[in-house]
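Trainee:
Numbering (my numbering), first residue to last: -12 to 343.
Below, the structure written as structure tokens:
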């Protein structure tokens, strides 16, 4: 075992299995499944040769486990296939969950390509509709303007200041502040509903029974109706041609508009604007988060995904004159500095490999 908490988790999980499944013979070790972008860690515990559970180490000092359990129940009640929470110890920060396996949507999308992607996205649209229509979003934290601005502040602090070592002057901060205000207000002007907040191809699982499982939902909020859709279709881990993305988004909009007068009243043109501007807010946040994961948490693999996120930001911002100031600054200052940083990291890697 790698650490004390892992040993304690195994002991707790084994005891829970013995109480709930007396005939099971759990393995005496945990298999690492993954850690997400938080402090939570996931392990697989075999309880029979053909059955397993997920044991979760979720430190209560950093993770809101009561919210996780509550949200899992809300999603299931709404008709979304979230993992059942089978046991929980709030004091220690341990959970046992239903095992959704290892088949993420992402590899299937990569294999399917443009011709087959919509077939895979359709169940994701179904689950998102169930989430938006079936959950009581007013029971969730409000994704208000301070939270929206705080998320974009991660871009300033961790991407610009931390990763790129940029020292912004008063004028640059004014440009960013104006753009952040514009994007936050645009998000708040949209119809509001339940938002998963990390709805993308690594958090959607292809289950053995043919259904689509939804994980990593603990940060759900009451927010803009386009947030999860743009997370899914302008995914940080896979990209598609813009005409395809816009067509798939339109298909979802038509289904959502059928059941929501507020969404229907937006119209397709306003919906496209909503979708685009919400994506800009999210991608600014993501650049900050991926930088923080590298700098603070030593999770550097996310750096490889920043160029795609940057391209999303630039390609969409160019369509909106209201964002001309931040776009001009980004192209003049951020793009060349990011290229320098990437080249420097590549040179260090090449040097280390040569010495090895």
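We put the beta carbon where it would ideally sit given N, CA and C, even for glycine.
These numbers come from a predicted model, not from an experiment.
#1: Give the single residue among 12, 248, 159, 257 whose Cα lies nearest to the Cα of residue 233.
#2: Take residue 264 as the anchor and find which of -10, 306, 315, 149 has the nearest alpha-carbon.
#3: If you draw a straight line from the C-alpha of residue 81 to the C-alpha of residue -5, how long is it?
#4: Determine, using beta carbons only, whether residue 72 and residue 59 come nearer to each other than 8 Å.
#5: Could you please give the first and the last residue of the uninterrupted beta strand (DSSP E) stretch that includes residue 75?
#6: By Cβ distance, which residues of its chain are closer than 7 Å to residue 324, with the 5 residues on each side in sequence left out?
#7: Secondary structure at residue -12, three-state DSSP: helix, strand or coil?
#8: On the DSSP letters alone, give me the boundaries of the beta strand (DSSP E) that residue 201 sits inside.
#9: Quick check: what's the CA-CA separation for residue 255 versus residue 212?
#10: Just to confirm the assignment: which complete alpha helix (DSSP H) runs, minimum length 4, are found wholly within the stretch 247 to 314?
#11: Measure from the alpha carbon of residue 79 to the alpha carbon of each residue in 92, 122, 47, then state which is nearest.
#12: Any idea if residue 16 is buried or exposed, counting beta-carbon neighbours within 10 angstroms, 16 or more meaning buried?
#13: Please work out which residues of its chain come closer than 6 Å, Cβ to Cβ, to residue 86, disregarding the five sequence neighbours upstream and downstream, and give them in chain order.
#14: Rounded to whole angstroms, what's the CA-CA distance from residue 138 to residue 165? Just pull it up for me.
#15: Under a Cβ-count criterion, where at least 16 other Cβ atoms within 10 Å of its own Cβ denotes burial, should residue 172 be classed as buried or exposed?
#16: Please report the residue range of the beta strand (DSSP E) in which residue 35 lies.
#17: Go ahead and label residue 70 buried or exposed: buried means 16 or more other beta carbons lie within 10 angstroms of its beta carbon, across all protein chains shown.
#18: Considering only residues of the same chain and omitting the five flanking positions on each side of residue -12, which have a CB-CB separation below 6 Å?
#19: Leaving aside the five residues before and after residue 321 along the sequence, list all residues of the same chain whose C-beta is less than 6 Å from its C-beta, in chain order.
#20: Since residue 56 is in the alpha helix (DSSP H), which residue starts that stretch and which ends it?
#21: Just to confirm, are residue 316 and residue 162 a CB contact at a threshold of 8 Å?
#22: Identify the residues that DSSP records as bridge partners of residue 180: which are they?
#23: By Cβ distance, which residues of its chain are closer than 8 Å to residue 99, with the 5 residues on each side in sequence left out?
Mentor: In this structure, then:
#1: 257
#2: 306
#3: 9 Å
#4: yes
#5: Counting along the chain, the beta strand (DSSP E) containing residue 75 begins and ends at 72 to 76.
#6: 151, 153
#7: Here the model assigns residue -12 a pLDDT of 42, short of 50, so the residue's position is not dependable and the matter cannot be decided.
#8: 199 to 201
#9: Between residue 255 and residue 212, the alpha-carbon positions lie close to 14 Å from each other.
#10: 248 to 251, 254 to 282, 293 to 304
#11: 47
#12: exposed
#13: 39, 40, 41
#14: 15 Å
#15: With fewer than 16 other CB atoms across the displayed protein chains lying within 10 angstroms of its CB, residue 172 is exposed.
#16: 28 to 35
#17: buried
#18: In this predicted model, residue -12 has a pLDDT of only 42, less than 50, meaning its place in the structure is not dependable; the value taken from the coordinates is given anyway. Once the five neighbours on either side are set aside, the close Cβ partners of residue -12 are -6.
#19: none
#20: 52 to 64
#21: yes
#22: 210
#23: 106, 107
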